[in-house]
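*Asks:*
Residue numbers (the numbering used here), protein chains in the order written: chain A, 3 to 258; chain B, 266 to 494.
Structure representation (structure tokens):
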């Protein structure tokens with residue numbers, strides 16, 4: 003390539019606007035990845051965390067092995083094993099799993115779900131272990147069965163305790179979905195980073211497009227933070243100072 | 266299942282490269298972390314805001330996007346600079362330098378938080394005593410704070426290292442021949458993706474496990490001066 007005039011074009015703002023529809027539809031895929039993997043992961047997390055806390059080693063050890071394996075290896079490798087790994091075995095192609103395992107979308111979803119479940123299980127385990135012992139004793143003294151104890155006392159308390167760590171996990175998952183762009187770039191279901199890479203391959207305008215999607219990711223992260231802070235505020239009302247006496251009548255209509 | 270027909274050394278070469286990249290990036294991250302923590306704790310408002318912007322951006326933008334931005338953006342920029350200086354033709358920017366730079370930049374933000382906490386953990390009385398002895402800010406930093414923050418920052422820095430070690434895998438995307446990339450290359454002739462990537466995963470797991478052992482020992486040593494509760 004010869005550049006007689008050294009063309010470093012000006013920042014191509016029209017290109018950003020032209021690409022926006024494509025990027026926004028890819029954003030929907032990214033949001034699907036985040037939402038679905040977190041939702042399925044969360045449902046799996048509760049029984050797994052309880053198993054992980056079991057005193058019977060044959061129940062807790064397999065869960066520990068699972069979380070250790072998935073927390074100790076890169077998500078990218080996990081994704082490669084799931085997406086490419088199936089191809090090594092002919093028999094997998096005859097199973098009902100194959101229609102899913104050959105699609106990049108499903109492989110990414112499986113990898114993200116298994117990964118976030120491993121992390122969230124350990125977060126929830128820590129939270130359950132940190133529920134104040136007095137509350138558990140009080141519940142037992144009230145004659146609660148084990149099931150009732152978990153449903154009414156331990157789990158609600160643990161869910162509140164995990165909020166700060168869980169918000170980090172949600173944000174981490176949002177960032178992690180960018181890895182979907184490393185497999186199956188030919189599929190229709192491109193995530194935000196994948197779509198950006200395709201646009202850049204055609205336009206070779208890395209600054210414009212990457213800075214745009216960086217701003218989109220940053221905005222989403224801000225929204226997630228905002229949502230979690232609101233939830234924490236809502237759930238911790240009993241821990242905040244009461245409104246001062248002077249302000250009370252005016253602030254609470256209908257009082258007095 | 267793990268018979269790699271003479272390609273096994275790919276994994277060893279890749280592991281060496283991964284560890285090299287991780288160590289170089291960690292050194293960079295520690296230096297950036299010290300600067301970042303200094304900025305976040307500074308009296309100067311501009312410095313504080315810059316520090317905050319740094320950690321916010323890193324937290325909110327995927328590392329892969331930062332890497333690609335730096336790699337492709339860097340290529341465009343270098344091409345243009347080279348052209349200005351009369352060099353015609355394409356330029357490839359070095360994947361090792363870009364990769365370690367990006368990783369240092371990303372994990373520097375996490376190290377910033379680790380060091381910020383550590384600086385705040387140094388008892389105020391010691392700083393006051395140093396001031397009373399007539400030390401200036403630099404001397405206080407160098408003689409009082411710096412020797413102690415390592416101890417306070419060690420657990421958090423250990424976590425940064427563990428995440429960084431796994432984070433090096435993304436550099437395979439810009440074709441730096443670390444463990445993940447080597448596994449991809451091996452898969453070309455061997456066509457046994459499950460075995461190869463599983464072997465790579467187990468190597469990462471072994472590196473993590475070894476790091477954890479070293480970190481536990483280091484943390485025990487760092488606590489040696491503390492009285493047990």
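Glycine residues also receive a C-beta, built at the ideal position from the N, C-alpha and C atoms.
Compare the C-beta of residue 431(B) with all C-beta atoms of chain A and state if any pair is closer than 7 Å.
*Replies:* Walking along the second chain from the start, residue 431(B) turns up at place 166. With 7 Å as the cut-off, residue 431(B) counts as an interface residue toward chain A.
*Asks:* My output table needs one value for residue 23(A): the three-state DSSP class, helix, strand or coil.
*Replies:* Working through the first chain from its first residue, we reach residue 23(A) at position 21. Correct three-state label for residue 23(A): helix.
*Asks:* Taking CB distances under 7 Å as the criterion, tell me whether residue 86(A) reaches chain B.
*Replies:* Position 84 of the first chain, counted from the start, is the residue given in the question as residue 86(A). Yes, contact with chain B.
*Asks:* For residue 85(A), does the three-state DSSP call read helix, strand or coil?
*Replies:* Position 83 of the first chain, counted from the start, is the residue given in the question as residue 85(A). Three-state result, residue 85(A): helix.
*Asks:* State yes or no: is the beta carbon of residue 90(A) nearer than 7 Å to at least one beta carbon in chain B?
*Replies:* On the first chain, residue 90(A) is found 88 positions in, with the first residue counted as 1. It does: the Cβ of residue 90(A) has a partner Cβ on chain B nearer than 7 Å.
*Asks:* Quick check on residue 267(A): buried or exposed, where buried means 16 or more other Cβ atoms within 10 Å of its Cβ?
*Replies:* Residue 267(A) lies beyond the range of chain A shown here (3 to 258); nothing can be said about it.
*Asks:* To which residues of the same chain is residue 298(B) closer than 7 Å at the C-beta, ignoring the five residues directly before and after it?
*Replies:* What you label residue 298(B) is simply residue 33 of the second chain in a count that begins at 1. Cβ neighbours of residue 298(B) beyond the five flanking positions: 373, 376, 377, 379 and 380.
*Asks:* Evaluate the contact criterion for the region 78–98 of chain A versus the region 456–468 of chain B: three or more CB pairs, one atom per stretch, below 8 Å.
*Replies:* The region 78–98 of chain A is in contact with the region 456–468 of chain B.
*Asks:* Between which two residues does the alpha helix (DSSP H) containing residue 391(B) stretch?
*Replies:* As a first step, residue 391(B) is located in the second chain; it is residue number 126 there, counting from the start. Element bounds for residue 391(B): 389–397.
*Asks:* Near residue 171(A), which residues of its chain fall below 7 Å by C-beta distance, leaving aside the five closest residues on each side in sequence?
*Replies:* Numbered from 1 along the first chain, position 169 holds the residue referred to as residue 171(A). Taken in chain order, the residues that qualify are 118, 121, 122 and 125.
*Asks:* If you check the beta carbons only, do residue 191(A) and residue 31(A) fall under 7 Å apart?
*Replies:* For the purposes of this step, residue 191(A) is identified with residue 189 of the first chain, where counting begins at 1. For the purposes of this step, residue 31(A) is identified with residue 29 of the first chain, where counting begins at 1. Yes, the pair counts as a contact, with Cβ atoms nearer than the cut-off.
*Asks:* Take every Cβ of the region 191–206 of chain A, pair it with every Cβ of the region 277–285 of chain B, and state whether three or more of those distances are shorter than 8 Å.
*Replies:* no
*Asks:* For residue 152(A), tell me which candidate among 167(A), 166(A) and 135(A) has the shortest Cα-Cα distance.
*Replies:* Locating residue 152(A) in the first chain gives position 150, counting from the first residue. Among 167(A), 166(A) and 135(A), the Cα nearest to that of residue 152(A) is on 135(A).
*Asks:* Rounded to whole angstroms, what is the Cα-Cα separation between residue 185(A) and residue 388(B)?
*Replies:* Here the question's residue 185(A) lines up with position 183 in the first chain. Here the question's residue 388(B) lines up with position 123 in the second chain. Answer to the nearest angstrom: the Cα atoms are 50 Å apart.
*Asks:* Short of 6 Å in beta carbon distance, which residues of its chain neighbour residue 488(B), apart from the five on each side in sequence? Order them along the chain.
*Replies:* The residue labelled residue 488(B) in the question sits at position 223 within the second chain. Closer than 6 Å at the Cβ level, and outside the excluded window around residue 488(B), lies no residue.
*Asks:* Please state the DSSP three-state secondary structure of residue 76(A).
*Replies:* Locating residue 76(A) in the first chain gives position 74, counting from the first residue. DSSP places residue 76(A) in coil when its eight states are reduced to three.
*Asks:* Less than 8 Å between C-beta atoms, sequence neighbours within five positions excluded: which residues of the same chain meet that for residue 343(B)?
*Replies:* One-based indexing of the second chain puts residue 343(B) at position 78. Excluding sequence neighbours, residue 343(B) sits near 356 and 358.
*Asks:* For the putative contact between residue 161(A) and residue 338(B), defined by C-beta atoms under 8 Å, what is the C-beta separation to the nearest angstrom?
*Replies:* Your numbering for residue 161(A) matches position 159 in the first chain. Your numbering for residue 338(B) matches position 73 in the second chain. 42 Å between Cβ atoms; not a contact.
*Asks:* Three-state secondary structure (DSSP) at residue 352(B)?
*Replies:* Residue mapping note: residue 352(B) aligns to position 87 of the second chain, counting from 1. In the structure shown, residue 352(B) sits in coil (DSSP, three-state: anything other than H, G, I, E or B).
*Asks:* Going along the chain, which residues of its own chain have a beta-carbon closer than 7 Å to the beta-carbon of residue 462(B), five neighbours each way excluded?
*Replies:* Along the second chain, read from residue 1 onward, the residue named residue 462(B) stands at position 197. So the list reads 448, once near-sequence residues are dropped.
*Asks:* For residue 197(A), which residues from the same chain have a beta carbon less than 7 Å from its beta carbon, with the 5 sequence-adjacent residues on both sides left out?
*Replies:* For the purposes of this step, residue 197(A) is taken as residue 195 along the first chain, with counting starting at 1. Answer for residue 197(A): 24, 25 and 28, listed in chain order.
*Asks:* Which of the three DSSP states is assigned to residue 147(A) in this structure?
*Replies:* For the purposes of this step, residue 147(A) is identified with residue 145 of the first chain, where counting begins at 1. In the structure shown, residue 147(A) sits in coil (DSSP, three-state: anything other than H, G, I, E or B).
*Asks:* Please tell me whether residue 257(A) has its Cβ less than 7 Å away from any Cβ of chain B.
*Replies:* Numbered from its first residue, the first chain carries residue 257(A) at position 255. Confidence at residue 257(A) is low in this model, with a pLDDT of 46, below 50, so the placement of that residue is unreliable and no value is reported for it.
*Asks:* Quick check: the Cα distance between residue 156(A) and residue 43(A), rounded to an integer number of angstroms?
*Replies:* Reading the first chain from its first residue, position 154 is the one you call residue 156(A). Reading the first chain from its first residue, position 41 is the one you call residue 43(A). Distance between the alpha carbons of residue 156(A) and residue 43(A) is about 20 Å.
*Asks:* Run through the region 413–480 of chain B for me and flag every whole alpha helix (DSSP H) of 4 or more residues, listed as ranges in chain order.
*Replies:* 444–455
*Asks:* Over the uninterrupted alpha helix (DSSP H) stretch that includes residue 369(B), give me the two end residues.
*Replies:* On the second chain, residue 369(B) is found 104 positions in, with the first residue counted as 1. Looking at the DSSP string, the run of the alpha helix (DSSP H) that includes residue 369(B) is 360–386.
*Asks:* Taking just the CA atoms, how far does residue 403(B) sit from residue 397(B)?
*Replies:* Position 132 of the second chain, counting from 1, holds the residue named residue 397(B). Position 138 of the second chain, counting from 1, holds the residue named residue 403(B). If I take the Cα positions, the gap works out to 15 Å.
*Asks:* In the region 364–378 of chain B, which residues sit with their C-beta less than 8 Å from some C-beta in chain A, listed in chain order?
*Replies:* none
*Asks:* Tell me which residues of the region 394–409 of chain B have at least one Cβ-Cβ distance to chain A shorter than 7 Å, keeping chain order.
*Replies:* none
*Asks:* Quick one: does residue 74(A) have its CB under 7 Å from some CB of chain B?
*Replies:* Reading the first chain from its first residue, position 72 is the one you call residue 74(A). Interface residue, yes.
*Asks:* Using a Cβ-Cβ cutoff of less than 7 Å, which residues in the same chain neighbour residue 363(B) once the five nearest sequence positions on both sides are dropped?
*Replies:* In the second chain, the residue the question calls residue 363(B) occupies position 98. Contacts found: 335, 336, 339 and 439.
*Asks:* Does residue 180(A) get closer than 7 Å to chain B when you measure Cβ to Cβ?
*Replies:* To locate residue 180(A), count along the first chain from 1; it is residue 178. Yes, residue 180(A) counts as interfacial toward chain B.
*Asks:* Return the residue from the list 219(A), 169(A) and 216(A) that minimises the CA-CA distance to residue 232(A).
*Replies:* Counting from one through the first chain, the residue named residue 232(A) turns up at place 230. Here the closest residue by C-alpha is 169(A).
*Asks:* With a cut-off of 7 Å, does the C-beta of residue 219(A) fall near any C-beta of chain B?
*Replies:* For this step, residue 219(A) is matched to residue 217 along the first chain. Yes, because at least one Cβ of chain B sits closer than 7 Å to the Cβ of residue 219(A).
*Asks:* Hey, how far is the Cα of residue 425(B) from the Cα of residue 368(B)?
*Replies:* By one-based count along the second chain, residue 425(B) stands at place 160. By one-based count along the second chain, residue 368(B) stands at place 103. So the alpha carbons of these two residues sit roughly 11 Å apart.
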